[in-house]
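Read in order, the letters of the sequence shown are residues 9 to 432 in this note's numbering. Take a look at the structure set out below.
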Amino acid sequence: MKVLVLNCGSSTVKYKLFSMGEDRVLAKGLAERIGSPGSRIVHRVEGRDEYILEKDLPGHQEAVEAILYILTGGEYGVISDVDEIKAVGHRVVHGGNYFNKSVVVSDDVLGLLGECGRLAPLHNPPNITGIQACKKMMPGAVQVAVLDTAFHQTMPEYAYMYALPYEMYDKHLIRKYGFHGISHKYVAGVSAGMLDARPEELKIITCHLGNGASLCAISGGKSVDTTMGFTPLAGLIMGTRCGDIDPAIIQYMAEKNNIGLGEVMEVLNKKSGVLGISGVSSDFRDVEKAALEGHHRSALALDMFSYSVARAIGSLVPALGGLDALVFTAGIGENSPGIRWRVCSRLKYMGIQLDEQINPAKGERIEISVPGSAVRVLVIPTDEERMIAEETRAVVEECNCSADVPGEKKRVICELTGTNVMIS
Ligand code: AMP
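Shown next, in the form of structure tokens:
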């Protein structure tokens, strides 16, 4: 089965075409600067030169059209016809309370995803635009939404509620949702294999440390708590995001700087975190280099970041009632032995012992704790696209669904079995 994975941002479409049976990536690429001058598609096929198509791409539909053209045509094509693509897996950031697993995108589902756009105004609209473009361009393929929030829908009520007046939840859906669910789920699945255990018997904390960063407490394969909240601004200190702060600071910052709430939120999202503290960069490679050269604020930013991760790990242990393993993933988690060392050094009291010889490994699946460490520590490169492809295949197989023949009005022949969709 061939599955196309799409991740649509406001001005980009990332894609990867999988041949699931062969476990192969046939092609991948990025359409960028959609809607702006200089738009282009960078397309990669293993063993061939990179291909760049410079093309005016006014919207996502044109981008999807051009991607399909490259995939099916000429020297850089990898399939002969679009109809070879059985399903498209779309990354969708927010599924609100509606979805606890991946789902075939019917018109009803599309409506609910649109409703969740209130909760993720920067992310859901481009995700939806991508789905609509594919529905139009590929009427023969099943469209599946794979949601970043779905994995966290197993959190207990006491973990996801905020201590605000209950109406805030009832009327406005204000609660903790959690994000990075696709990545947390993927590395949790891989970790069970590395630990030679069944997921149902494991208590682990997965540490997705990239530009955005979050931890997830996973018990028996299910998310029971996470550090991100109503939005991806909460929790850990991140590249440019502040993470948890006293909410009263928001009003105080607005008054002291004579700026509106929108500007304050811009500062909290884009000018804070490691960038705001170091004044150097949001990229850990630059900040680690500056710290080594004696730059105090960079060293402080690294200390604050690793302390925030270690402190959050400690705070999640009660959600699990114990801890078998810690898993590091994403750009920093996979590639920064220094950050892993700083975090684990603060957790020696739990009996965590890193192997100093192995910890410097980068970007590979590896266990970095010493044999006999009370908590085992793993590094697992995340692969969100693969997870989306696997989820998509599972949904298609579970529902035994297909799309109607091209040309007719598209209707998914599927009962959405087992999906937690609250449609009245
Ligand atoms: P992600 O969001 O998962 O793509 O992670 C991106 C971040 O990973 C970058 O901003 C860097 O801060 C970090 N990163 C990537 N490579 C390295 C490296 N070799 N050492 C330290 N940090 C890295």
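Even for Gly, the Cβ is constructed at its ideal location relative to N, Cα and C.
{"Asked": "Quick check on Gly-281: does DSSP put it in helix, strand or coil?", "Found": "helix"}
{"Asked": "Using CA coordinates, which residue listed in Leu-172, Cys-16, Arg-319 and Val-111 is at the minimum distance from Cys-409?", "Found": "Val-111"}
{"Asked": "Helix, strand or coil: which one does DSSP assign to Arg-99?", "Found": "strand"}
{"Asked": "Taking a contact to mean a Cβ-Cβ separation below 8 Å, would you say Arg-223 touches Thr-239 in this structure?", "Found": "Looking at the sequence itself, residue 223 is Leu, so the reference to Arg does not match. Cβ distance not < 8 Å, so Leu-223 and Thr-239 don't count as in contact."}
{"Asked": "With a cut-off of 5 Å, give the chain-ordered residues whose Cβ is closer than this to any heavy atom of the ligand AMP.", "Found": "Gly-218, Asn-219, Asp-291, Phe-292, Arg-293, Ala-338, Gly-339, Ile-340, Asn-343 and Ser-344"}
{"Asked": "Taking the straight line between their C-alpha atoms, what separation do you get for Val-462 and Leu-334?", "Found": "Nothing can be reported for residue 462: it is not among the residues displayed for the chain, which extend from 9 to 432."}
{"Asked": "Kindly indicate the opening and closing residues of the beta strand (DSSP E) around Phe-26.", "Found": "21 to 27"}
{"Asked": "Nearest to Glu-393 by alpha carbon, out of Met-169, Leu-25 and Val-101?", "Found": "Leu-25"}
{"Asked": "So for His-303, helix, strand or coil by DSSP?", "Found": "coil"}
{"Asked": "For the 8 Å Cβ check, are there 3 or more pairs between the segment 277 to 294 and the segment 309 to 325?", "Found": "yes"}
{"Asked": "Using three-state DSSP, classify Arg-394 as helix, strand or coil.", "Found": "helix"}
{"Asked": "Leaving aside the five residues before and after Pro-133 along the sequence, list all residues of the same chain whose C-beta is less than 6 Å from its C-beta, in chain order.", "Found": "Gly-125"}
{"Asked": "Under 8 Å by Cβ, that's how I've got Ile-396 and Val-198 pegged, so tell me the actual separation to the nearest angstrom.", "Found": "No, Ile-396 and Val-198 are not in contact; Cβ-Cβ is about 15 Å, not under 8 Å."}
{"Asked": "Buried or exposed: where does Arg-206 fall if 16 or more other Cβ atoms within 10 Å of its Cβ makes it buried?", "Found": "exposed"}
{"Asked": "Taking Gly-341 and Leu-217 to be in contact with their CB atoms under 8 Å, please state how far apart those CB atoms are, rounded to whole angstroms.", "Found": "4 Å"}
{"Asked": "Assign Gly-97 to buried or exposed, taking buried as 16 or more other Cβ atoms, counted over all protein chains shown, within 10 Å of its Cβ.", "Found": "buried"}
{"Asked": "Which of the three DSSP states, helix, strand or coil, is assigned to Glu-405?", "Found": "helix"}
{"Asked": "Report the residue from Thr-214, Val-13 and Ile-212 whose alpha carbon sits nearest the alpha carbon of Ala-95.", "Found": "Val-13"}
{"Asked": "Give me whichever residues DSSP pairs with Gly-37 in a beta bridge.", "Found": "Tyr-23 and His-51"}
{"Asked": "Helix or strand or just coil, what does DSSP make of Phe-187?", "Found": "coil"}
{"Asked": "Going by DSSP, name the residue or residues bridged to Asp-332.", "Found": "Asp-332 pairs with nothing; no bridge assigned."}
{"Asked": "Please report how far the alpha carbon of Val-383 lies from the alpha carbon of Ile-376, in whole angstroms.", "Found": "11 Å"}
{"Asked": "If we count the other Cβ atoms within 10 Å of its Cβ and call it buried at 16 or more, is Tyr-23 buried or exposed?", "Found": "buried"}
{"Asked": "From this set, Val-272, Ile-245, Leu-244 and Arg-249, which residue's C-alpha is nearest Ile-257's C-alpha?", "Found": "Val-272"}
{"Asked": "Excluding the 5 residues flanking Met-246 on each side, which residues of the same chain have their C-beta closer than 6 Å to its C-beta?", "Found": "Gly-220, Ala-221 and Gly-281"}
{"Asked": "Which residue's Cα is closest to the Cα of Gly-228: Lys-193, Cys-250, Asn-266 and Ile-42?", "Found": "Lys-193"}
{"Asked": "Cβ atoms of Arg-305 and Ser-286: under 8 Å apart, would you say?", "Found": "yes"}
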